[in-house]
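Report on one structure; see the data block that follows.
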Amino acid sequence: MAGTEGVAVFIGIDLAWKASNPSGGAVIREGRLIAQTGALGSNGEIVAFIAEHLSQKGGAVVAVDAPLRVPNETGSRPCDAALSAEWRRFHAGALPANRARLAEEGIVRGEALVASLVQRLRFAEAATIPRRSQARLVCEVFPHPAHVSLFGLEGILKYKRGRVAERRGEMARYQQLLRGLRSASPPLKGTKKLLTGVDVAELRGRGLKEYEDTLDAVTCAYVASYLWEHGPKAAMTYGSLAEGSILVPAGKNHNALKETAQG
Numbered sequence: 000m001a002g003t004e005g006v007a008v009f010i011g012i013d014l015a016w017k018a019s020n021p022s023g024g025a026v027i028r029e030g031r032l033i034a035q036t037g038a039l040g041s042n043g044e045i046v047a048f049i050a051e052h053l054s055q056k057g058g059a060v061v062a063v064d065a066p067l068r069v070p071n072e073t074g075s076r077p078c079d080a081a082l083s084a085e086w087r088r089f090h091a092g093a094l095p096a097n098r099a100r101l102a103e104e105g106i107v108r109g110e111a112l113v114a115s116l117v118q119r120l121r122f123a124e125a126a127t128i129p130r131r132s133q134a135r136l137v138c139e140v141f142p143h144p145a146h147v148s149l150f151g152l153e154g155i156l157k158y159k160r161g162r163v164a165e166r167r168g169e170m171a172r173y174q175q176l177l178r179g180l181r182s183a184s185p186p187l188k189g190t191k192k193l194l195t196g197v198d199v200a201e202l203r204g205r206g207l208k209e210y211e212d213t214l215d216a217v218t219c220a221y222v223a224s225y226l227w228e229h230g231p232k233a234a235m236t237y238g239s240l241a242e243g244s245i246l247v248p249a250g251k252n253h254n255a256l257k258e259t260a261q262g
């Protein structure tokens, strides 16, 4: 395995729900983006990408945008319902995840990925990230509420659906917001080429989708680093390890959410 001894690494995976679609991956080490892609394929390829960037010593957090534990055959998981109840007013609710929708030949892709990480790379699935943990942990995250929370937005970035021109405009906004993390806590540097060297107006079709998946993977990796740096007090946890859990960073809109819940 490659990597610096004793240094924590944060890996974001924007996992496609179906293995036939490409997934995004990103790696942050010592506050710098050191790798990113929007073209990961099978779970085996994703595990290899993760293994390549682990240190022999030091903690690791893999944050995945996809359901990692789905015990329910139909309907929604409790974590999806609880998150949606708080974030719906920001248009950041979760899609209902169930085995009828996600399982292929009885296997949910996110569950299979976690099993591989546990068996091959000594990871543990986590519903909380202890501050500066030296363990290898994998958790589920969700970029839409993370953006709203971290950046103090009034609603989600609408780069996934709609007219291409509007998506590109939101993607350009996404680039600017991620660049702003250079001075955040923790900081994210090393993004200049990815975020200022790409003109979204020139992206088409698959290229636009791969770039979107790459940026989402960067968000996931940053959320992993944020949760590791600040600990459980800086996280909103929805659900449980047994029934599925989603972690959202408690950023600029945390107080507004608490006021809404109390009201």
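For the sequence shown, counting from 1, position 121 maps to 120 in numbering that gives the first Met the number 0; every step adds exactly one.
From the three backbone atoms N, C-alpha and C, an ideal C-beta is built for every residue, glycine too.
All values derive from a computational prediction rather than experimental measurement.
Own chain residues within Cβ distance below 7 angstroms of residue i, not counting five before or after
i	result
V217	G11, A25, L32, Q35, L177
A38	P21, E209
P142	D64, D215, T218, C219
E110	L67, R68, V69
P248	A145, S148, L149, V222, Y225, L226, A233, A234
A81	Y237, G238
F48	G24, L39
Y173	L156, Y158, L214
G30	P185, P186, L187, K188
Distance between residue j and residue i (C-alpha atoms, nearest Å)
i	j	result
A171	D13	19 angstroms
V69	G105	11 angstroms
K157	G243	26 angstroms
Q133	H229	14 angstroms
V6	S54	7 angstroms
A99	A183	40 angstroms
C78	A126	11 angstroms
L94	S75	8 angstroms
S19	G161	23 angstroms
R108	N97	12 angstroms
G196	R166	18 angstroms
R205	A164	15 angstroms
W16	N71	16 angstroms
E201	V140	30 angstroms
T73	E85	22 angstroms
R181	R28	14 angstroms
Beta carbon proximity, residue i to chain D, threshold 8 angstroms
i	result
F122	Protein chain content of the structure displayed is limited to a single chain, and chain D is not contained in it.
Backbone secondary structure at residue i - three-state DSSP
i	result
R76	coil
Y210	helix
D198	coil
T47	Sequence inspection shows Ala at residue 47; the Thr mentioned does not correspond to that position. A47: helix per DSSP, three-state reduction.
K191	helix
V215	Just to set this straight, residue 215 is Asp in the shown sequence, not Val. It is helical.
G58	coil
A133	Reading off the sequence shown, one finds Gln at residue 133, where the question assumed Ala. In the structure shown, Q133 sits in coil (DSSP, three-state: anything other than H, G, I, E or B).
R31	strand
G5	coil
A171	helix
G154	coil
A38	strand
S68	A quick correction: the sequence has Arg, not Ser, at residue 68. Three-state result, R68: coil.
F122	coil
W86	helix
Cutoff 8 angstroms; reference residue i; Cβ partners in own chain excluding five residues on either side
i	result
G168	none
E124	L67, R68, V113, V117, L136, V137, C138, L240
I128	V60, L136, C138, A223, L226, W227, G230, P231, A234, L246
I45	I12, L14, S22, G24, L39, L112
V199	R167, M170, A171, Q174, L207, Y210
N42	A18, R108, A111, L112, S115
Proximal residues to residue i (C-beta, below 6 angstroms), its chain only, five neighbours per side dropped
i	result
H90	G154, I155
A59	V8, L53, R135
S83	G92, A93
G250	S148, L149
R130	G230
Residues that DSSP places opposite residue i in a beta bridge
i	result
E103	I106
G11	A25, A62
T127	Answer is none; T127 lacks a bridge partner.
V140	L246
Could you tell me which uninterrupted beta strand (DSSP E) segments, each at least 3 residues in length, are contained entirely in the stretch 218-249, listed from first to last along the chain? 234-239, 243-248, all fully within the stretch 218-249.
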